[in-house]
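J.: The structure follows.
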Amino acid sequence: MTSPWVNDSNVALFTDLYELTMLQSYFHEGMDGTAVFDLFVRRLPEQRNYLVVCGLEHVLAYLETLSFSAEALSYLRSLNRFSDEFLKSLAHFRFTGDVHAIPEGTIVFANEPIIEVVAPLPQAQLIETFLMNQIQVATLAATKAARIVRAARGKPVIDFGVRRMHGADAGIKEPRAFYVAGVAATSNVLAGQLYGIPVSGTMAHSYVQAFEHELEAFRRFVRQFPEAILLVDTYDTLAGVRNVIELSRELGPKFRVTGIRLDSGDIAQLAVEARRLLDSAGLNHLEIFASNSLDEYSIEKLLNFGAPVDGFGVGGRMGVSSDAPMLDTAYKLVEYAGRATMKLSAHKGSLPGRKQIFRDSRDTVALADEKLPGQPLLVKYMENGVRKIPEEKLQAMRSRCESEIRKLGSADAGHAVELSPGLCELRAHTLDLIQEDTS
0 MTSPWVNDSN VALFTDLYEL TMLQSYFHEG MDGTAVFDLF VRRLPEQRNY
50 LVVCGLEHVL AYLETLSFSA EALSYLRSLN RFSDEFLKSL AHFRFTGDVH
100 AIPEGTIVFA NEPIIEVVAP LPQAQLIETF LMNQIQVATL AATKAARIVR
150 AARGKPVIDF GVRRMHGADA GIKEPRAFYV AGVAATSNVL AGQLYGIPVS
200 GTMAHSYVQA FEHELEAFRR FVRQFPEAIL LVDTYDTLAG VRNVIELSRE
250 LGPKFRVTGI RLDSGDIAQL AVEARRLLDS AGLNHLEIFA SNSLDEYSIE
300 KLLNFGAPVD GFGVGGRMGV SSDAPMLDTA YKLVEYAGRA TMKLSAHKGS
350 LPGRKQIFRD SRDTVALADE KLPGQPLLVK YMENGVRKIP EEKLQAMRSR
400 CESEIRKLGS ADAGHAVELS PGLCELRAHT LDLIQEDTS
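Numbering-wise, numbering that gives the first Met the number 0 puts 2 at position 3 of the sequence shown, and it's gapless, one number per residue.
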């Protein structure tokens, strides 16, 4: 049976059908000249003033190994849509192009190329679906997480979201993006193993329910995990806090519990009352950890209220980026065989030519051969299908994101983006040529 998981042997089919029908037409028309495609976001969601780039490493790994297996070719043959000559050519398909990209953890804005692919037209065309998918899921995740981390004001945020994410691929890759954006740890053990992310967790209500008495559940759990964070709201939250206090009296110097977790009800008020009970019992060192449908908005309200919460477990609302669950991502041909091209569709236009972005007090989207003040953002990661830059450590991406978020300022006011004179001139020239051709 064919595996239900995306893997190196079947990922070439992780594409829209029209990519392959276009490839067959290119093949029979002999169109294999050099193409340039830009991947960018046309418009930011209403609730966003910036995006945090993430997902590039997944793209590069895909491009390094992309090929059609015998099973994949057999399936395509069974569709009775493709010529034998074309299918035979796919047996030798490899990506041999160049990839210029903005490093992960960098902040970007609308209409800035996140990735620019320079490759033979069929190669650059086929990869569109995978690139858009991977950059969107990771960039959405990193952006949402960055907002939540910022709202938490230095208090740790833990990712609890895997059970509500949209599938296993997102469930593995989003924790990586969250970590780049400043999240302290994840509950997802596989993500921890794959990416070296710290793993963290507390306990479930079912554990407490499995025992006849809540206090007995706490006793048994700390026998195995003495430095646990105990979940206190299975029945009555404040009664649960009192059971933690009773456990501290029973264990005396052996009591090493580090905190309690609040997961329901009026978290702000319960945190105040729990803090009072704990402090009155001499347990000032126990931290209060909050969960329960949190996001940047609810965390900000909690902290503005003055709730004595020391950390946050954030799940589904971060995992699905609930207030902005998709990006207006595009992957557009901007040059073919040395000829600049652009799309003119209403509200879906694109900018022609190969590009560079220069970041100074503002961002300037320019032509690749222009030299302007500021830091160039697009870096060549792959040349002739071979990586030029080794895989970057997540900690470096994380530090980059933290630095760039800090530079935004407290207002999240966004950042000015303009086009260079050279790009404006090329756009006008390309527009004239298109209008002449269509008149």
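Even glycine gets a Cβ: it sits at the ideal position worked out from N, Cα and C.
Grouping DSSP H, G and I as helix and E and B as strand, with all else coil, what is Arg386?
T.: Reduced to three states, the DSSP call for Arg386 is strand.
J.: Just curious, the beta strand (DSSP E) that Glu213 is in, first and last residue?
T.: Element bounds for Glu213: not the beta strand (DSSP E) but the alpha helix (DSSP H), Glu213 to Gln223.
J.: Taking the continuous beta strand (DSSP E) assigned at Val98, which residues delimit it?
T.: Asp97 to Ala100
J.: Report the partner residues of Lys379 according to the DSSP bridge assignment.
T.: His99
J.: Using DSSP with H/G/I as helix, E/B as strand and the rest coil, what is Thr142?
T.: helix
J.: Between the alpha carbons of Thr429 and Asp15, how many angstroms are there, rounded?
T.: Near 29 Å, if we compare the C-alpha coordinates of Asp15 and Thr429.
J.: Given the structure, does Leu43 come close to the ligand GDP, in the sense that its CB is under 6 Å from one of the ligand's heavy atoms?
T.: What this structure holds is no ligand at all, so the ligand GDP is not there to describe.
J.: I need the DSSP call for Pro372, collapsed to helix, strand or coil.
T.: coil
J.: Buried or exposed: which applies to Ala410, given that a residue is buried once 16 or more other Cβ atoms fall within 10 Å of its Cβ?
T.: Residue placement at Ala410 cannot be trusted, given a pLDDT of 47 that sits under 50; what the coordinates show is reported in the next sentence. Classification of Ala410: exposed, given that the 10 Å Cβ count is below 16.
J.: Run through the DSSP bridge pairs and tell me what Glu115 is partnered with.
T.: According to DSSP, Glu115 bridges with Asp37 and His99.
J.: Since Asp97 contacts Met381 with CB under 8 Å, what's their CB separation in whole angstroms?
T.: The pair is a contact, with the Cβ atoms about 6 Å apart (cut-off 8 Å).
J.: Looking at C-beta atoms only, is the number of pairs between the region 185–197 and the region 218–229 that lie closer than 8 Å three or more?
T.: no
J.: Tell me whether the beta-carbon of Cys53 lies closer than 7 Å to the beta-carbon of Glu115.
T.: no
J.: Give the range of the beta strand (DSSP E) segment to which Phe210 is assigned.
T.: Unbroken run through Phe210: none, as it is neither H nor E.
J.: Classify Ala410 as helix, strand or coil using the three-state DSSP reduction.
T.: Any reading at Ala410 needs caution, since the residue's pLDDT is 47, under 50, leaving its predicted position unreliable; the model's value is listed next. Of the three classes helix, strand and coil, the one that applies to Ala410 here is coil, per DSSP.
J.: Need the endpoints of the alpha helix (DSSP H) that Phe177 sits in, please.
T.: Ala167 to Val179
J.: Whole angstroms are fine: how far does the CA of Pro121 sit from the CA of Thr439?
T.: The question about residue 439 has no answer, for the chain in this structure spans 0 to 438.
J.: Give me, in chain order, the residues of the same chain whose beta-carbon lies closer than 6 Å to that of Gly312; leave out the 5 immediate sequence neighbours on both sides.
T.: Only Ile157, Phe159 and Ser290 meet the Cβ criterion.
J.: If the criterion is Cβ atoms closer than 7 Å, does the pair Gly373 and Arg358 meet it?
T.: yes
J.: Pull up the CB-CB distance for Ile134 and Ile113, whole angstroms please, since I reckon it's below 8 Å.
T.: 6 Å
J.: Quick one: using the 10 Å Cβ neighbour count with 16 as the cut-off for buried, is Thr363 buried or exposed?
T.: buried
J.: Taking the DSSP output, what are the residues bridged to Leu50?
T.: Val107
J.: When the Cα of Ser279 is compared with those of Gly421, Ser247 and Ser292, which residue comes out closest?
T.: Cα-wise, what sits closest to Ser279 is Ser247.
J.: From the DSSP output, in three-state form, read off Thr236 for me.
T.: helix
J.: Just to confirm before moving on: does the CB-CB distance between Asp262 and Asp232 stay below 7 Å?
T.: yes
J.: Since Ala123 and Phe36 should fall inside the 8 Å C-beta cutoff, what is the C-beta to C-beta distance between them, to a whole number of angstroms?
T.: 5 Å
J.: Measuring only the C-alpha atoms, how far is Leu293 from Glu391?
T.: 31 Å
J.: Write down the C-beta distance between Tyr61 and Val10 rounded to the nearest angstrom, noting that I regard them as a contact closer than 8 Å.
T.: 6 Å
J.: Can you tell me which residues form a DSSP beta bridge with Glu286?
T.: Note: Glu286 sits in a beta bridge opposite Gly258.
J.: Among Gln355, Arg361, Lys379 and Ser360, which has the Cα closest to the Cα of Glu369?
T.: Gln355
J.: Between Glu245, Lys253 and Leu269, which lies nearest to Thr236 when the distance is taken from Cα to Cα?
T.: Leu269
J.: If we require 4 or more residues per run, which alpha helix (DSSP H) segments fall completely within the region 285–369?
T.: 295–304 and 315–318
J.: When you compare only the Cα positions, how much space is there between Ser360 and Leu407?
T.: 11 Å
J.: For Asn110, count the other beta carbons within 10 Å of its own beta carbon; 16 or more makes it buried, fewer makes it exposed. Which is it?
T.: That one is buried.
J.: Am I right that Ser320 and Leu139 are in contact with their C-beta atoms under 8 Å? What's the rounded C-beta distance?
T.: 5 Å
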